[in-house]
Amino acid sequence: MLEKTARKKNAILSILRDFEKPLRSSRVAQELLAQGHDISERTVRLYLQDMCDEGLIEKTEKRGHRITERGLFEFEATNTIERVGFLSAKIDQMTYRMSFDLATRTGSVLVNTTLADPRQVHSCLPMIHKVFAEGYAMGHLIAFLSPGERTGQLTVPKGMIGICTVCSITVNGVLLQHGIPTHSRFGGVLELRDKKPVRFVEIIMYDGTSIDPLEVFIRSGMTNYLGAIKTGNGRIGVGFREFPAESRSRVAELAEKLELAGLGAFMSIGRPGQPLLDIPVGEGRVGALVIGGLNPVSILEETGYRVYSRALSGLIDFNRLFHYDQMEQRLQEFL
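So in my numbering the end of the sequence shown lands on 336, straight run, no missing numbers.
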């Protein structure tokens, strides 16, 4: 009986996690029935009340329910094995949901979100600026979220700000809208010498993990952005992409347009069927290095500040993004 109850609660957490808006009990019941769970709306309400008491979900002013950070943690801990490969599926899902139009520069883009103390961010601004200026960031746009604002399942706590950096998966969405399918192979730590890419020192395949590789590398202290911005010798986060060889020239054109829109991401585009930094590429494919979106905020970790970062955290309207040189001014309202 307890196992059956746990499965039902886990299914409810899964439903609330997948929806970014609060859901009423009737909608939750519909979703459960669609998944093959034989359950009445009255029983669903009882489950929801129990889960509210446990802190796994919370009621909203509109009488709906949404998952909490505790609930999200519980769901992910319970489903670790099942979620191997989840990241690849999430990349495909978020790529499809993105609505950004490169021609008009309107619509939503995918972002990573970092929760941090605004005073600590302010103290690191010169170094964060340098990460952008040296081209080690995904373009040169950024956004701030105020306490209480939400992106995906992440809510900014009181006394903190949300730093939204453009996720490199945004590139996948733009290419898809132009008919170019992109395969995200892995995230890695790239060694730089004299500002030039030399080799990958660590890689994590996207289809074999339940967490974003760059989150792992940054939290584990495996990156060295301070060295990269000061001497040109360091280690940064990079993603490896593949796309059809016949689309290479079109990808190069779109890369230039992305750069003009403030979303420059490509560090290098390889040749058809040829290895890129000793990484083999299949026949009829082209490999590419794409800058990691979390790179700028890694400076906070490297200077001793503990922050919480969530890659692929959600979608944000492109109009909310601003140039990184406005960070000083925009940060003042939070200090």
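C-beta atoms are modelled at their ideal positions from N, C-alpha and C, and glycine is treated no differently.
(request) Compare the Cα-Cα distances from residue 18 to each of 39, 7, 38, 71 and report the closest residue. (result) Looking up residue 18 in the sequence shown gives position 17. Closest option to residue 18, Cα to Cα, is 71.
(message) Considering only their Cβ atoms, is the gap separating residue 246 from residue 308 smaller than 7 Å?
(response) Within the sequence shown, the letter at position 307 stands for residue 308. Within the sequence shown, the letter at position 245 stands for residue 246. Going by C-beta atoms, residue 308 is not nearer than 7 Å to residue 246.
(message) Closest to residue 132 by C-alpha separation, out of 293, 90, 316, would be which residue?
(response) The residue given as residue 132 occupies position 131 in the sequence shown. The candidate whose alpha carbon is nearest that of residue 132 is 293.
(message) To test your reading of the DSSP string, which unbroken beta strand (DSSP E) runs of 3 or more residues are found completely within the segment 166-202?
(response) Taking only runs of at least 3 residues, the beta strand (DSSP E) segments lying wholly in the segment 166-202 are 184-194.
(request) Could you check what DSSP says for residue 104 in three-state terms: helix, strand or coil? (result) Along the sequence shown, read from residue 1 onward, the residue named residue 104 stands at position 103. Collapsing the DSSP output to three states places residue 104 in coil.
(request) With DSSP as the reference, please indicate the residues paired to residue 318 in a beta bridge. (result) As a position in the sequence shown, residue 318 is number 317, starting the count at 1. In DSSP, residue 318 forms a bridge with 109.
(message) Quick check on the DSSP output: the beta strand (DSSP E) that includes residue 66 runs from which residue to which?
(response) On the sequence shown, position 65 is the one that residue 66 refers to. That run of the beta strand (DSSP E) goes 66-68.
(request) Please determine, among 183, 101, 177, 197, the residue with the shortest C-alpha to C-alpha distance to residue 136. (result) Taking the sequence shown and counting its residues from 1, the one referred to as residue 136 is at position 135. Out of 183, 101, 177, 197, 197 has the C-alpha closest to the C-alpha of residue 136.
(request) Could you tell me which residues DSSP pairs with residue 245 in its beta bridges? (result) On the sequence shown, residue 245 is found 244 positions in, with the first residue counted as 1. DSSP lists 286 as partners of residue 245.
(request) Go ahead and pull the three-state DSSP assignment for residue 161. (result) Taking the first residue of the sequence shown as position 1, residue 161 is located at position 160. Coil at residue 161, not helix or strand.
(request) Give me whichever residues DSSP pairs with residue 223 in a beta bridge. (result) Residue mapping note: residue 223 aligns to position 222 of the sequence shown, counting from 1. According to DSSP, residue 223 shares a beta bridge with no other residue.
(request) To the nearest angstrom, report how far apart residue 63 and residue 151 are at their CA atoms. (result) Position 62 of the sequence shown, counted from the first residue, corresponds to residue 63. Position 150 of the sequence shown, counted from the first residue, corresponds to residue 151. Straight-line Cα distance between these residues: approximately 16 Å.
(message) I'd like to know whether the C-beta atoms of residue 68 and residue 24 end up nearer to each other than 7 Å.
(response) Numbered from 1 along the sequence shown, position 67 holds the residue referred to as residue 68. Numbered from 1 along the sequence shown, position 23 holds the residue referred to as residue 24. Their beta carbons are not under 7 Å apart, which means residue 68 does not touch residue 24 by this criterion.
(request) Would you kindly check if the distance between the Cβ of residue 161 and the Cβ of residue 193 is under 7 Å? (result) The sequence position of residue 193 within the sequence shown is 192, counting from 1. The sequence position of residue 161 within the sequence shown is 160, counting from 1. No, these two residues do not count as a Cβ contact at 7 Å.
(request) Count the other CB atoms, across all protein chains shown, that sit within 10 Å of the CB of residue 318; report buried if there are 16 or more and exposed otherwise. (result) By one-based count along the sequence shown, residue 318 stands at place 317. Answer is exposed; the Cβ neighbour count stays below 16.
(request) Using alpha carbons as the reference points, say which of 120, 111, 125, 234 lies closest to residue 144. (result) The residue you call residue 144 lines up with position 143 of the sequence shown. Residue 111 is the option with its Cα nearest to residue 144.
(message) Please report the distance separating the alpha-carbon of residue 241 from that of residue 76.
(response) Residue numbering aside, residue 241 sits at position 240 when the sequence shown is read from its first letter. Residue numbering aside, residue 76 sits at position 75 when the sequence shown is read from its first letter. Whole-angstrom Cα-Cα distance: 29 Å.
(request) Ignore the nearest five residues each way along the sequence and tell me which others in residue 142's own chain have a CB closer than 8 Å to its CB. (result) Along the sequence shown, read from residue 1 onward, the residue named residue 142 stands at position 141. The answer, listed in chain order, is 167, 263, 264, 322, 323, 324, 325.
(message) Taking the alpha carbon of residue 159 as the reference point, which residue from 134, 40, 118 has its own alpha carbon closest?
(response) As a working mapping, residue 159 is identified with position 158 in the sequence shown. Selected option, being the one with the closest Cα: 118.
(request) Compute the Euclidean distance between the alpha carbons of residue 16 and residue 29, then round it to the nearest angstrom. (result) Translated into the one-based positions of the sequence shown, residue 16 becomes position 15. Translated into the one-based positions of the sequence shown, residue 29 becomes position 28. Computed Cα separation, rounded: 7 Å.
(request) Please list, in chain order, all residues of the same chain as residue 253 whose beta carbon is under 7 Å from its beta carbon, the five residues on each side excluded. (result) Numbered from its first residue, the sequence shown carries residue 253 at position 252. Correct list, in chain order: 270.
(message) Please report the straight-line C-alpha distance between residue 305 and residue 51, rounded to a whole angstrom.
(response) Start at 1 with the first residue of the sequence shown, and residue 305 comes out as number 304. Start at 1 with the first residue of the sequence shown, and residue 51 comes out as number 50. Rounded to whole angstroms, residue 305 to residue 51 spans 39 Å at the Cα level.
(request) Answer yes or no: do residue 190 and residue 218 have a C-beta to C-beta separation smaller than 7 Å? (result) Taking the first residue of the sequence shown as 1, we reach residue 190 at position 189. Taking the first residue of the sequence shown as 1, we reach residue 218 at position 217. Yes.
(message) Between which residues of its own chain and residue 155 is the CB-CB distance below 6 Å, once the five residues before and five after are set aside?
(response) On the sequence shown, residue 155 is found 154 positions in, with the first residue counted as 1. The residues are 114, 311, 314.
(request) Starting from the Cα of residue 224, find the closest Cα among 209, 215, 236, 216 and give me that residue. (result) As a first step, residue 224 is located in the sequence shown; it is residue number 223 there, counting from the start. The candidate whose alpha carbon is nearest that of residue 224 is 236.
(message) Can you list, in chain order, the residues of its chain with a C-beta nearer than 8 Å to that of residue 207? Leave out the 5 residues immediately preceding and following it.
(response) Against the sequence shown, residue 207 aligns to sequence position 206. Excluding sequence neighbours, residue 207 sits near 88, 89, 92, 185, 186, 187, 188, 214.
(message) Quick check on the DSSP output: the beta strand (DSSP E) that includes residue 131 runs from which residue to which?
(response) The residue labelled residue 131 in the question sits at position 130 within the sequence shown. Where residue 131 is concerned, there is no enclosing beta strand (DSSP E), although the alpha helix (DSSP H) it sits in stretches over 126-134.
(request) Helix, strand or coil for residue 74, going by three-state DSSP, please let me know. (result) Counting from 1 along the sequence shown, the entry for residue 74 is found at position 73. Per DSSP, reduced to three states, the secondary structure at residue 74 is helical.
(message) Considering just the uninterrupted stretch of the alpha helix (DSSP H) at residue 369, what are its terminal residues?
(response) Outside the shown range of the chain, which is 2 to 336, sits residue 369, and nothing can be said about it.
(message) Considering Cα atoms alone, identify which of 205, 103, 43 is closest to residue 260.
(response) Position 259 of the sequence shown, counted from the start, is the residue given in the question as residue 260. Across the set 205, 103, 43, the C-alpha of 103 shows the shortest separation from the C-alpha of residue 260.
(message) Could you compute how far the alpha carbon of residue 336 sits from the alpha carbon of residue 157?
(response) Your numbering for residue 336 matches position 335 in the sequence shown. Your numbering for residue 157 matches position 156 in the sequence shown. CA-CA distance, residue 336 to residue 157, rounds to 15 Å.
(message) Can you give me the C-alpha to C-alpha distance between residue 49 and residue 36, rounded to a whole angstrom?
(response) Here residue 49 refers to the residue found at position 48 of the sequence shown. Here residue 36 refers to the residue found at position 35 of the sequence shown. Cα atoms of residue 49 and residue 36: separation of roughly 17 Å, rounded to the nearest angstrom.
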